[in-house]
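Enquirer:
So this is what it looks like as structure tokens:
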């Protein structure tokens, strides 16, 4: 991943998990894809889940019900964890 990050306008070096706190989730996902760390299918899934999360996390007229939150968490556990577990 560091080789891909080195091409950024303001490159950062990832040396520990704490270094990821300075990056947005979208940046991490896109960089992982460019570095070949996730497949195209995994990238699409991660991007969709991030977009879904962002659509509720930022000011909007959308409201989330407990059932929707449960379904989202279930989706993450079912679809994402097996890729990386």
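Residue numbers (the working numbering): 354 to 438. For every residue, glycine included, the Cβ atom is placed at its ideal position computed from N, Cα and C.
Within this structure, are the beta carbons of residue 382 and residue 396 separated by less than 9 Å?
Expert: Indexing the chain shown from 1 puts residue 382 at position 29. Indexing the chain shown from 1 puts residue 396 at position 43. Contact: yes.
Enquirer: Please look up how many angstroms separate the CB atoms of residue 391 and residue 402, rounded, as I've assumed it's under 8 Å.
Expert: To locate residue 391, count along the chain shown from 1; it is residue 38. To locate residue 402, count along the chain shown from 1; it is residue 49. Residue 391 to residue 402, Cβ: 13 Å. No contact.
Enquirer: Below 8 Å on the Cβ atoms is my contact criterion, and I expect residue 375 with residue 366 to pass it. Report the Cβ-Cβ distance as a whole number of Å.
Expert: Walking along the chain shown from the start, residue 375 turns up at place 22. Walking along the chain shown from the start, residue 366 turns up at place 13. 11 Å between Cβ atoms; not a contact.
Enquirer: Along the chain, where does the alpha helix (DSSP H) that runs through residue 426 open and close?
Expert: Counting from 1 along the chain shown, the entry for residue 426 is found at position 73. From DSSP, the alpha helix (DSSP H) with residue 426 extends over 419 to 432.
Enquirer: What residue range is occupied by the uninterrupted alpha helix (DSSP H) comprising residue 385?
Expert: Locating residue 385 in the chain shown gives position 32, counting from the first residue. 378 to 387 is the span of the alpha helix (DSSP H), which, as asked, contains residue 385.
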